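So the sequence lines, in the order shown, correspond to chains A and B. With positions in the first sequence counted from 1, the corresponding number in my numbering is that position plus 458. With positions in the second sequence counted from 1, the corresponding number in my numbering is that position plus 4.
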Amino acid sequence: MNVFRLLGDLAHLASIFILVHKMHITRSCRGISFKTQALYVLVFLTRYLDLFWAWISWYNFLMKIFFISSSCYILYLVHYRFRPTYDPSLDTFKVEYLVGPCFVLALIFNYHFDFSEILWTFSIYLEAVAIFPQLFMMQRTGEAETITTHYLAALGVYRALYIPNWIYRYYTEGTVDPIAIVAGIVQTGLYLDFFYVYVTKVLQGQKFELPA
Amino acid sequence: EGKQSAHDEL
Numbered sequence: 459m460n461v462f463r464l465l466g467d468l469a470h471l472a473s474i475f476i477l478v479h480k481m482h483i484t485r486s487c488r489g490i491s492f493k494t495q496a497l498y499v500l501v502f503l504t505r506y507l508d509l510f511w512a513w514i515s516w517y518n519f520l521m522k523i524f525f526i527s528s529s530c531y532i533l534y535l536v537h538y539r540f541r542p543t544y545d546p547s548l549d550t551f552k553v554e555y556l557v558g559p560c561f562v563l564a565l566i567f568n569y570h571f572d573f574s575e576i577l578w579t580f581s582i583y584l585e586a587v588a589i590f591p592q593l594f595m596m597q598r599t600g601e602a603e604t605i606t607t608h609y610l611a612a613l614g615v616y617r618a619l620y621i622p623n624w625i626y627r628y629y630t631e632g633t634v635d636p637i638a639i640v641a642g643i644v645q646t647g648l649y650l651d652f653f654y655v656y657v658t659k660v661l662q663g664q665k666f667e668l669p670a
Numbered sequence: 005e006g007k008q009s010a011h012d013e014l
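And the structure:
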């Protein structure tokens with residue numbers, strides 16, 4: 459563990475609390491992509507299923523339980539509790555275009571061709587692109603509630619902080635994980651446009667609006 | 005072992 463990874467994980471936790479808080483205070487899931495949230499459930503289930511056979515630490519174990527259960531809870535909130543506030547006509551990104559290619563890539567580019575490795579690799583690739591339906595939805599509406607942008611900022615910062623973590627691990631442990639690193643850089647790259655608008659508008663007290 | 009480092013990450 460190092461400070462980058464710890465802060466990254468804390469940003470990830472924060473993003474989930476912000477999202478749940480947003481839905482409770484506004485009593486709605488407006489502006490939230492159900493598809494992205496469903497992809498996160500798939501990401502966490504496929505990556506963290508190893509908690510049944512690989513022991514790492516209490517920290518790792520409890521975080522895995524938390525991410526699986528909170529992502530399922532969020533899916534419940536969007537799909538049942540606040541369903542009337544969900545507009546499927548705005549959430550139209552085709553998830554097949556993400557899940558299919560990620561699965562094929564996981565079959566081709568992995569460390570070992572076995573069940574648990576392919577699940578892990580698939581989850582890494584899918585996590586990198588799972589934000590697409592959410593970004594696509596914002597692109598369509600051209601705006602987002604401020605609290606939704608705080609959620610996305612925390613979620614983007616989480617993986618961005620993993621990059622210095624990998625650099626740190628390379629120098630201190632000599633370890634390199636090309637699959638995680640490449641996917642993590644792609645994942646962070648997808649947020650760059652968003653970060654630009656977030657920093658230049660939202661953090662200056664303005665509303666998040668995309669240029670027409 | 006053969007596992008890459010990120011397997012112990014979240």
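Beta carbons: idealized from backbone N, C-alpha and C, even for Gly. Remember, it's a predicted structure, so these values are computed and weren't measured experimentally.
Three-way DSSP call (helix, strand, coil) for residue i in this model
i	result
Lys522 (chain A)	helix
Glu575 (chain A)	helix
Phe580 (chain A)	helix
Glu585 (chain A)	helix
Contact set between residue i and chain B, taken where Cβ atoms lie within less than 9 Å
i	result
Ala638 (chain A)	Gln8, Ser9, Ala10, His11 and Glu13
Val634 (chain A)	Gln8 and Ser9
Asn518 (chain A)	Asp12, Glu13 and Leu14
Ile523 (chain A)	Residues of chain B passing the Cβ test: none, with the nearest at roughly 11 Å.
Start and end residues, alpha helix (DSSP H) containing residue i
i	result
Trp624 (chain A)	Thr604 to Glu631
Arg541 (chain A)	That residue, Arg541 (chain A), is in no alpha helix (DSSP H); it is neither H nor E in DSSP.
Pro636 (chain A)	Pro636 to Gly647
Asp467 (chain A)	Val461 to Thr484
Gly558 (chain A)	Glu554 to Ile566
Pro591 (chain A)	Phe590 to Thr599
Val660 (chain A)	Where Val660 (chain A) is concerned, there is no enclosing alpha helix (DSSP H), given that its DSSP letter is neither H nor E.
Leu14 (chain B)	That residue, Leu14 (chain B), is in no alpha helix (DSSP H); it is neither H nor E in DSSP.
Phe502 (chain A)	Phe492 to Tyr506
CA nearest to the CA of residue i, picked from the options
i	options	result
Ser527 (chain A)	A:Ile474, A:Val562, A:Lys480 and A:Ile483	A:Ile474
Leu666 (chain A)	A:Gln597, A:Phe551 and A:Asn518	Reading the sequence as shown, one finds Phe at residue 666 (chain A) and not Leu. The residue with the shortest Cα to Cα distance from Phe666 (chain A) is A:Gln597.
Ile643 (chain A)	A:Asp549, A:Val587 and A:Val478	A:Val587
His608 (chain A)	A:Lys480, A:Phe462, A:Leu465 and A:Asn460	A:Lys480
Leu503 (chain A)	A:Glu585, A:Tyr649, A:Pro622 and A:Thr658	A:Glu585
Phe540 (chain A)	A:Arg627, A:Glu603, A:Phe571 and A:Arg485	A:Arg485
Pro542 (chain A)	A:Trp624, A:Phe492, A:Val615 and A:Val657	A:Phe492
Phe652 (chain A)	A:Glu601, A:Phe567, A:Thr633 and A:Tyr629	A:Glu601
Val501 (chain A)	A:Cys530, A:Phe462, A:Ile483 and A:Gly647	A:Cys530
Leu619 (chain A)	A:Glu603, A:Phe594 and A:Gln645	A:Gln645
Contact set between residue i and chain B, taken where Cβ atoms lie within less than 7 Å
i	result
Arg463 (chain A)	Glu13
Asp467 (chain A)	Leu14
Residue i Cβ short of 8 Å to the ligand NAP heavy atom set
i	result
Asn623 (chain A)	Ligands are entirely absent from the displayed structure, and the ligand NAP is therefore not among its contents.
Contacts that residue i makes with chain B (C-beta to C-beta distance below 8 Å)
i	result
Met481 (chain A)	Per Cβ cutoff of 8 Å: no residues; Met481 (chain A) is ~23 Å from chain B at best.
Glu631 (chain A)	Ser9
ask   = Just by C-beta distance, which residues in the stretch 541-569 of chain A are closer than 7 Å to chain B?
value = Cβ contacts with chain B come from Tyr569.
*For the stretch 586-600 of chain A, which residues have a CB atom closer than 7 Å to at least one CB atom of chain B, in sequence order?*
Within the stretch 586-600 of chain A, no residue has a Cβ that lies closer than 7 Å to any Cβ of chain B.
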